[in-house]
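-4 is the number that the working numbering gives to position 1 of the sequence shown; each next residue is one higher, with no gaps.
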Amino acid sequence: MFGLIISGRPVDAAPQAITEAQYAFKIPPTPPFSHIVVFQLPGTQLPPGTAATVYVQIPPSQEFKLLGGIGPGKESAIFKVSGLKSAPADGDGDVMADDMMANAAAAGGDIVVGISIEPVEQVEAQLATLKTGASQSTPSTAMVRHSGGDGRVATKVLAQRIIGNAFNFLASFGSDTVPLKAFQDWWSKFEKKVELDPSFLEREDV
-4 MFGLIISGRP VDAAPQAITE AQYAFKIPPT PPFSHIVVFQ LPGTQLPPGT
46 AATVYVQIPP SQEFKLLGGI GPGKESAIFK VSGLKSAPAD GDGDVMADDM
96 MANAAAAGGD IVVGISIEPV EQVEAQLATL KTGASQSTPS TAMVRHSGGD
146 GRVATKVLAQ RIIGNAFNFL ASFGSDTVPL KAFQDWWSKF EKKVELDPSF
196 LEREDV
């Protein structure tokens, strides 16, 4: 039902099913990364009246930190994990995410991204609490429920623009055969552009 993308790595579309409503991706901490993309697989739908929260747990900490959510009208989202703070296993202060990944690598543990399907109202309440955290509040953490007339760009249109952006970049190589590195270069540039201006996909001149 869900997939996960990290720049420079293969797409992971096979999370472990913990329960019918909970899924987990296990991610090697090396090479380090700063963002993840979580999305619903094409052709899948969440049960009516539900959405999904996304969490991350970075060893040696056992704490799961709420990143944000996806659901109806927002079937994918980019989440920033660099800059997160979380208490380590010994409880001595906060550790930045980059250091936490180094610790995870040293401990030989995987980073876990958890997804939990919950009632929409419950998800929205959690995201509202997350937003009040200020330091972790980003445009990508809020649920977007497309109602057709609220001025937001439909998910299908956003997807078309992402594909168009990739096509224009890869077409510049002037060949039907494009090396994988070219796609990785596009993803890195696209990821940085989203980080600098998350709303650029809502404009037609992408």
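Just so it is clear, CB atoms sit at the ideal spot from N, CA and C, and this is done for glycine as well.
As the structure is a prediction and not an experimental result, all values here were calculated from the model.
Should Gly64 and Val118 be called a contact, given that it needs their Cβ atoms to be closer than 8 Å?
yes
If you draw a straight line from the C-alpha of Pro42 to the C-alpha of Glu15, how long is it?
11 Å
Distance, Ala177 Cα to Leu191 Cα:
21 Å
Within 10 angstroms of its Cβ, does Phe36 collect 16 or more other Cβ (buried), or is it exposed?
The question names Phe, yet the displayed sequence has Leu at residue 36. When all chains shown are included, Leu36 counts as exposed.
Would you grab the beta carbon distance between Glu113 and Thr48 for me? Rounded to a whole angstrom, and I think it's under 8 Å.
6 Å
What are the boundary residues of the beta strand (DSSP E) that Gln121 is part of?
Note, Gln121: premise wrong, no beta strand (DSSP E); alpha helix (DSSP H) at 115 to 126.
Taking 7 Å as the limit between beta carbons, can you name the residues of its chain near Val6, skipping five residues before and five after?
Gly(-2), Ile0
Between His30 and Lys75, which are expected to be in contact by the criterion C-beta below 8 Å, what is the C-beta distance as a whole number of angstroms?
5 Å
Compare the C-beta of Pro54 against all C-beta atoms of chain C and say whether one is closer than 8 Å.
As a matter of chain content, chain C is missing from the structure shown, which is built from one protein chain.
Under a three-way DSSP split, which group does Ile65 fall into?
strand
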